[in-house]
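Note sheet for the following structure.
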Amino acid sequence: MVGEVGFRKWGWVAFFLAPSLIGLLVFVLGPILSSLGLTLFDWNLLSDPKFIKFDNFKELYHDKDFWIAFKHTLMFITYYIPSVLVTALITALLLNQRLRGVSVFRTAFFVPVVASWVVVAVIWKWIFNPRFGLLNFLLAKLGIEGPAWLFDPDTALYAIIITSVWKDTGFVAVMLLAGLQNIPETYYEAAKIDGARPWQRLRFITLPLLTPSIFFALIISLINSFQVFEQAWLMPERFARSGTTVVVEQIVNNAFRYSRMGYAATMSWVLFVVIFAITFVQIRLQKRWVNYDL
Amino acid sequence: MFRRLVTLSLLLVVVLGVMPHHSQAQDSVTVTYFTFSAAPDHLADLDTIIAAFEAENPTINVEVESAPFADYFTLLQGDFVADDAPDVFELNYENFVSYAANDVLLDLSDSLSTDAPYYPAALGAFQYEDQQLALPESFSTVLLFYNADLFDQAGIEYPTAEWTWEDAMTAAAAIRGLGEDTWGIYSPVQFWEFYKKAGQNDCAFFNEDMTESTINAPECVQALETMLSFINEDVMPDPVEQAGVSPEELFQNGQLGMVVTGIWMFSAFAEVPFNWDVQLEPGLAHKGHHFFANGVAVAKDTEHPAEAAAWAQYLTSSETAATVRVATGWELPALDKPEYFAAYLEQTPPANRAAVFQALESPIVPPVIVRQNEMQDTVNALLEAVVNGELDPQTALDTAKDELDALVQ
Chain P
464 MVGEVGFRKW GWVAFFLAPS LIGLLVFVLG PILSSLGLTL FDWNLLSDPK
514 FIKFDNFKEL YHDKDFWIAF KHTLMFITYY IPSVLVTALI TALLLNQRLR
564 GVSVFRTAFF VPVVASWVVV AVIWKWIFNP RFGLLNFLLA KLGIEGPAWL
614 FDPDTALYAI IITSVWKDTG FVAVMLLAGL QNIPETYYEA AKIDGARPWQ
664 RLRFITLPLL TPSIFFALII SLINSFQVFE QAWLMPERFA RSGTTVVVEQ
714 IVNNAFRYSR MGYAATMSWV LFVVIFAITF VQIRLQKRWV NYDL
Chain U
72 MFRRLVTLSL LLVVVLGVMP HHSQAQDSVT VTYFTFSAAP DHLADLDTII
122 AAFEAENPTI NVEVESAPFA DYFTLLQGDF VADDAPDVFE LNYENFVSYA
172 ANDVLLDLSD SLSTDAPYYP AALGAFQYED QQLALPESFS TVLLFYNADL
222 FDQAGIEYPT AEWTWEDAMT AAAAIRGLGE DTWGIYSPVQ FWEFYKKAGQ
272 NDCAFFNEDM TESTINAPEC VQALETMLSF INEDVMPDPV EQAGVSPEEL
322 FQNGQLGMVV TGIWMFSAFA EVPFNWDVQL EPGLAHKGHH FFANGVAVAK
372 DTEHPAEAAA WAQYLTSSET AATVRVATGW ELPALDKPEY FAAYLEQTPP
422 ANRAAVFQAL ESPIVPPVIV RQNEMQDTVN ALLEAVVNGE LDPQTALDTA
472 KDELDALVQ
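Going line by line, the protein sequences match chains P and U. Residue numbers are given in my numbering: position 50 of the first sequence equals residue 513, and the series is strictly consecutive. Residue numbers are given in my numbering: position 53 of the second sequence equals residue 124, and the series is strictly consecutive.
If you want it as C-alpha cells, here you go:
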C-alpha cells in the first residue's frame, strides 16, 4: 500500500494531522512565540509597536505593584496548597469507604468543582458578609466577634483561600481517590494479619503508595494556584482589593485596561518561568519522596 | 455520480460565497456604526434615528454593531489592530484623548455644520490640538438626591441651590439622629467624586499644560478631608457598615437622607414609597458638577469620510435624534435647544428636573490623560488606603502626585 514507509508515510501522517496541527500552530504556538517577541516592544494596540529592548523587564523589576501581587500569590499558595491537600486526602479516605450511598457523597463533593466561580463567589460573599453573613452570625453565637473578611485588606485573602479550598477539594480528592483504589487490597490484608492498626496501615501502606497521586495533585494545584485569578477578581470588596491583587490580575489589567500588551506579555513570561522552574524542581525532588513501586 | 454532484454543489456554494453582492444600488454607501450606549435597551430607538437619516440620505446605509460597555473598548481596539475599524463609533470622554493622541480619528472641523446647536463646552471637550476629533453625543451629570420624608421627620429644611458641604453635614447629622440604621448622606470616596470636589475647591489634578500633577495642593487635600469627614462624623456608613449594600439601595430602602449620584437613577427611583427630589450639589469654594459626555468619532482611515461625518453629525445634532433620545429616556443630547427638553422637564419625580440643566452652568470635566485607566486605578487605590486608615490625606496625595507625574512623562 502507498505511503507506509519513509517520507510518504510522514506525508500522510502530516496530512491527517493537519487540521489540528494547523490549529495548534496558528492559535497556540504562534501566539506563544509572538508574546515572547512582544516582551521587547511597547504596544498599545492603536499605534505601531515600538521596539524598546529590555525596558519592560527593567520596569517590571522596579514595579512595586507587581511584586506586591507576587507576594499575595505566594501567600495564597503557601496556605492553599497544604490546606487543599489535607482536606482532599481526608475526603478521599472517607469517600473510599465501602458505605451504602457513597457515590452520592462522591458526586456531592464534586459539585463545587463544576460550579462557576461567579456563582461560588456570590454564595461565599454572603457567607463572609460581616453584617448579614452566616459565618460571623455563627461566630457571634460562640461569643466571637468575626473579622470584616472580604471588606478588610488584612483578612480578604484568607477568605479567598478558604473558598478556594472548599471549591477545589472535590477535584483533588478525585485524583487521590483514584490513587487509593489502585492500592492492592492484599497489602492491607497482610498488614492486618501482622497486627497493624488502622493508623499504622495509613502511615506505612496508604500514604507511601499514594505518593504518586499526591505528587500529581501537588503539581497540578501548584500550577493552578500560580494562575489564581477568578476568585481574587470577583470576591474582595473594593476597599479590600489592596490586600488581594494577584499576578494574573496585574496581567489582565495591563493588557486589557491599560493597553500595555508588551508589558503584560513580560509579566506572563516571568510567571511562566517561575512556574516552570518550580515544577522542574518538584519533578527533580520527587525521587526523594514519591514511591512508584507497588 | 452522487459524489460528483456533492462536489459540484460544494464548489457552487464556495463560489457564490466569495462573489461580491450586487443587491444594493451601485452608488449607495454603507457606513458601519459601533455603539455601546444603545445596547441593549435602545437599539430600536437607534433604528428609528437611522431610518430618518437614511430617508434624508438615500445613498447612505448605516449598519449597526453594538457591544456592552464592559467589552466595548477591548473590541474597538481589536478592530483597530485588525485594520477593521468601524467607520463611525462612540467614545466616552475619558477614552477620547487616548484615541486622539494615537492619531486614529478623522478631523471633523471642515465638515461640521456651523448652525449645529451643540453646547460650546461639550464641543470643546472633543477638540484635540485644534482639531474637532469627535462630536458630543450626549451628556449626564450628578446631583444631590434627597429623601424629603426623612427631612420632614428630622424637622429640617430641604436642601437649597446655595448649600455648601457644611450645610449638608448639619442636615446629615440631624437625619442620622433618627435611628441606628438611618444614615445622613452618602457621597462616594473615589476618583470621580474626588476630581469634582477638588474642582469645587479650585484644585485640578494637573497643571494647565498637563506636564505635572498638582493633586497634592492644599485645596485638593482640603477637598479630600471634606469627603472623609462624612465617615469620620458617622453620618455616612463606612465600607463595613455598608456591608455590600449600594448607596442607591440604601436610598431606595429609605435608610439614607441624601445621596450624591447620577441622573441616570431617576427611573430606578421613580417607584420608591417616599417623597424625594433633587437639588444642585453642595459646593466648597464654589459650585461644580460633573459633566460626563459621550462623543461620536469617525475613523481616520474610513473609506467614506463624507458619509461617515454626515451620519455622525445627524446622530449627535439632528432634531429627530434629540427628540428620540429625550422621549425614550436614553441619554440627554448635548444640545443648547431648550425646546427639545420640554417633555423631559415635565416628568416627575423629581419635581426639580431643572437642576439637571442648572448643573451645566458649573461643569467640571474629568482630568484626562493618555494613560487614563492607570491614573484612575492609582488614585482609587490611594483613596481606599485613606478610607482604610492606612494613609493620611496629605501622604496619600503626595504619593499620588509622584505616580501621576510618572504617568504623564
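The beta carbon of each residue, even a glycine, is placed where N, CA and C say it ideally should be. These figures come from a predicted structure and were not determined experimentally.
Considering only the alpha carbon of each residue, which of the options lies closest to residue i?
{"i": "residue 672 of chain P", "options": "P/680, P/613, P/575, P/643", "result": "P/643"}
{"i": "residue 389 of chain U", "options": "U/100, U/115, U/121", "result": "U/121"}
{"i": "residue 298 of chain U", "options": "U/165, U/159, U/236, U/250", "result": "U/236"}
{"i": "residue 512 of chain P", "options": "P/500, P/702, P/682", "result": "P/500"}
{"i": "residue 756 of chain P", "options": "P/683, P/730, P/668, P/697", "result": "P/668"}
{"i": "residue 271 of chain U", "options": "U/353, U/250, U/309, U/240", "result": "U/353"}
{"i": "residue 685 of chain P", "options": "P/601, P/628, P/582", "result": "P/628"}
{"i": "residue 423 of chain U", "options": "U/214, U/366, U/442, U/273", "result": "U/214"}
{"i": "residue 320 of chain U", "options": "U/384, U/394, U/218", "result": "U/218"}
{"i": "residue 326 of chain U", "options": "U/337, U/338, U/347, U/336", "result": "U/347"}
{"i": "residue 497 of chain P", "options": "P/677, P/560, P/696, P/731", "result": "P/731"}
{"i": "residue 526 of chain P", "options": "P/753, P/616, P/743, P/714", "result": "P/714"}
{"i": "residue 468 of chain U", "options": "U/295, U/371, U/340, U/447", "result": "U/295"}
{"i": "residue 102 of chain U", "options": "U/130, U/108, U/114", "result": "U/130"}
Using a Cβ-Cβ distance under 9 angstroms, would residue i count as near chain U?
{"i": "residue 509 of chain P", "result": "yes"}
{"i": "residue 721 of chain P", "result": "yes"}
{"i": "residue 519 of chain P", "result": "no"}
{"i": "residue 614 of chain P", "result": "yes"}
{"i": "residue 559 of chain P", "result": "no"}
{"i": "residue 716 of chain P", "result": "yes"}
Taking only beta-carbon atoms, is residue i less than 9 angstroms away from chain P?
{"i": "residue 368 of chain U", "result": "no"}
{"i": "residue 86 of chain U", "result": "A caution first: residue 86 of chain U carries a pLDDT of 48, below 50, which makes its placement in the model unreliable, though a value can still be read off. By this cut-off, residue 86 of chain U is not an interface position."}
{"i": "residue 310 of chain U", "result": "yes"}
{"i": "residue 185 of chain U", "result": "no"}
{"i": "residue 148 of chain U", "result": "yes"}
{"i": "residue 272 of chain U", "result": "no"}
{"i": "residue 469 of chain U", "result": "no"}
{"i": "residue 399 of chain U", "result": "no"}
{"i": "residue 317 of chain U", "result": "no"}
{"i": "residue 278 of chain U", "result": "no"}
{"i": "residue 488 of chain U", "result": "Nothing can be reported for residue 488 of chain U: it is not among the residues displayed for chain U, which extend from 72 to 480."}
{"i": "residue 154 of chain U", "result": "no"}
{"i": "residue 20 of chain U", "result": "The structure shown has nothing for residue 20 of chain U, since chain U only spans 72 to 480."}
{"i": "residue 442 of chain U", "result": "yes"}
{"i": "residue 476 of chain U", "result": "no"}
{"i": "residue 448 of chain U", "result": "yes"}
{"i": "residue 134 of chain U", "result": "no"}
Should residue i go down as buried or exposed, given a rule of 16 or more other Cβ atoms within 10 Å for buried?
{"i": "residue 471 of chain U", "result": "buried"}
{"i": "residue 303 of chain U", "result": "exposed"}
{"i": "residue 277 of chain U", "result": "buried"}
{"i": "residue 111 of chain U", "result": "exposed"}
{"i": "residue 92 of chain U", "result": "Below a pLDDT of 50, predicted positions are generally treated as unreliable, and residue 92 of chain U, at 46, falls in that range; the measurement from the model is reported next regardless. That one is exposed."}
{"i": "residue 174 of chain U", "result": "exposed"}
{"i": "residue 485 of chain P", "result": "exposed"}
{"i": "residue 254 of chain U", "result": "buried"}
{"i": "residue 565 of chain P", "result": "exposed"}
{"i": "residue 688 of chain P", "result": "buried"}
{"i": "residue 94 of chain U", "result": "Only weak support is given to the placement of residue 94 of chain U: the predicted model assigns it a pLDDT of 45, under 50, and the value that follows is read from those uncertain coordinates. Exposed: under 16 other Cβ atoms inside 10 Å."}
{"i": "residue 535 of chain P", "result": "buried"}
{"i": "residue 142 of chain U", "result": "exposed"}
Cβ of residue i versus every heavy atom of the ligand HEM: is any distance shorter than 8 angstroms?
{"i": "residue 290 of chain U", "result": "Because no ligand of any kind appears in the structure shown, any question about the ligand HEM cannot be addressed here."}
Validate contact between the segment 494–513 of chain P and the segment 718–732 of chain P using beta carbons, cut 8 angstroms, 3 pairs: yes
Taking 8 angstroms as the threshold, find out whether the segment 161–170 of chain U comes into contact with the segment 203–221 of chain U through three or more Cβ pairs. yes
When you check each C-beta in the segment 581–600 of chain P against every C-beta of chain U, which residues fall closer than 9 angstroms? 588, 589, 592, 593, 594, 595, 596
Pairs of beta-carbons, one from the segment 467–486 of chain P and one from the segment 402–410 of chain U, closer than 8 angstroms: are there three or more? no
Using a Cβ cut-off of 9 angstroms, which residues of the segment 289–315 of chain U contact any Cβ in chain P, in chain order? 309, 310, 311, 312, 313, 314, 315
Could you tell me whether the segment 742–757 of chain P touches the segment 545–565 of chain P, using the rule of 3 or more Cβ pairs below 8 angstroms? no
Below 8 angstroms, can you find three or more Cβ-Cβ pairs linking the segment 355–367 of chain U to the segment 423–438 of chain U? yes
Counting only Cβ-Cβ distances shorter than 9 angstroms, please list the residues of the segment 679–706 of chain P near chain U, keeping chain order. 700, 701, 702, 703, 704, 705
Which residues, in order along the segment 610–639 of chain P, keep a beta-carbon less than 8 angstroms from a beta-carbon of chain U? 611, 614, 615, 616
If contact is defined by three or more beta carbon pairs under 8 angstroms, each pair taking one atom from either stretch, is the segment 323–332 of chain U in contact with the segment 257–265 of chain U? yes
Answer yes if the segment 182–202 of chain U comes into contact with the segment 407–422 of chain U, meaning at least three C-beta pairs across the two stretches below 8 angstroms, and no otherwise. yes
Can you pull out the residues from the segment 158–181 of chain U whose beta carbon lies closer than 8 angstroms to at least one beta carbon of chain P? 169, 170, 173, 174, 175
Closer than 7 angstroms, Cβ to any Cβ of chain P: which residues of the segment 451–464 of chain U, in chain order? 452, 455, 456, 458, 459
The segment 632–641 of chain P in contact with the segment 692–706 of chain P per 3-pair CB rule at 8 angstroms: no
Could you please tell me which residues of the segment 232–248 of chain U, in chain order, have their CB closer than 7 angstroms to any CB of chain P? none
Selection of the segment 208–231 of chain U by Cβ proximity to chain P, strictly under 7 angstroms: none
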